[in-house]
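Right, one structure below, let's go through it.
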Amino acid sequence: MSVTKKYKPGKIREQNSLKILQAAEVEFVKHGYKGTSMQSISDAAGLPKANLHYYFTNKAKLYNAVLEDIVQRWNEVLTDITEDDDPTETLEFYIRTKVELAIRYPNASKIFATEIIQGAPNVKEYLRTDLRTWLRAKTKIIETWIEQGKMNKVDPEHLFFMIWSTTQHYADFEAQILTITNKLEYEADDIERISRFLCHMILTGCGLTPTHKL
Numbered sequence: 001m002s003v004t005k006k007y008k009p010g011k012i013r014e015q016n017s018l019k020i021l022q023a024a025e026v027e028f029v030k031h032g033y034k035g036t037s038m039q040s041i042s043d044a045a046g047l048p049k050a051n052l053h054y055y056f057t058n059k060a061k062l063y064n065a066v067l068e069d070i071v072q073r074w075n076e077v078l079t080d081i082t083e084d085d086d087p088t089e090t091l092e093f094y095i096r097t098k099v100e101l102a103i104r105y106p107n108a109s110k111i112f113a114t115e116i117i118q119g120a121p122n123v124k125e126y127l128r129t130d131l132r133t134w135l136r137a138k139t140k141i142i143e144t145w146i147e148q149g150k151m152n153k154v155d156p157e158h159l160f161f162m163i164w165s166t167t168q169h170y171a172d173f174e175a176q177i178l179t180i181t182n183k184l185e186y187e188a189d190d191i192e193r194i195s196r197f198l199c200h201m202i203l204t205g206c207g208l209t210p211t212h213k214l
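Rendered as structure tokens:
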């Protein structure tokens with residue numbers, strides 16, 4: 001007697017949508033927005049082209065969905081932080097998670113970097129509204145930590161810019177770093193080494209003591 005595993009419609013939709021977004025990330029990195037077609041994405045996803053148009057009616061909407069997924073993935077890391085949290089634990093967790101996300105999803109970082117370099121034509125409104133609001137809320141928490149004497153006086157905005165740039169560097173310049181260090185890919189030891197180094201440099205500059213020593 002054979003048993004066929006049943007999937008709920010919502011589950012299948014979620015799986016197909018994720019498969020399309022993952023394939024789109026790869027294709028947009030390889031060929032850029034203009035050089036990527038819905039057909040090439042459907043081929044990479046292993047789904048009929050009609051399925052892509054069912055979930056995303058055109059390439060522009062799919063590209064924007066990819067960008068939205070990337071940003072949401074990054075911003076969720078600090079969703080629940082409050083003024084009562086410990087700055088060392090919070091910033092260390094944020095840096096380590098951003099390193100892991102950069103190395104685990106390098107295409108995401110590369111797509112976003114390319115979008116910004118081109119003048120942010122598809123995310124400028126998001127940068128001007130949602131991300132600006134998100135950043136203001138997080139910088140306010142850091143300012144409170146500074147006022148409470150929990151950390152040195154630093155510029156909160158530039159602290160975030162530094163964390164973004166240093167962590168995403170390992171994805172955006174992956175080819176350069178791996179070539180220079182004579183590696184084919186990042187290994188677990190590399191991720192830990194990178195995380196400890198960035199935590200040490202950034203946290204000590206904030207007057208904080210990282211959990212793990214170099």
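Position one of the sequence shown corresponds to residue 1 (the working numbering), numbered consecutively onward. Glycine included, every Cβ here is placed at the ideal spot set by N, Cα and C.
Secondary structure at Ile41: helix, using DSSP grouped into helix, strand and coil. In the three-state DSSP reduction, Gly149 falls in the coil class, being neither helix nor strand. Secondary structure at His212: coil, using DSSP grouped into helix, strand and coil. Rounded to whole angstroms, Leu184 and Leu178 show a C-alpha spacing of 6 Å. Secondary structure note for Thr114: its alpha helix (DSSP H) is the uninterrupted segment 106-117. Taking Ile194 as reference, the option from Asn51, Leu101, Leu47 with the minimal CA-CA separation is Leu101.
The way I'd put it, the stretch 56-68 doesn't touch the stretch 83-99; fewer than three beta-carbon pairs between them come closer than 8 Å.
For Cys206, the secondary structure class from DSSP, reduced to helix, strand or coil, is coil. The C-alpha of Thr114 is placed about 26 Å away from the C-alpha of Asn16.
Here the alpha carbon of Lys49 sits roughly 28 Å from the alpha carbon of Ala120.
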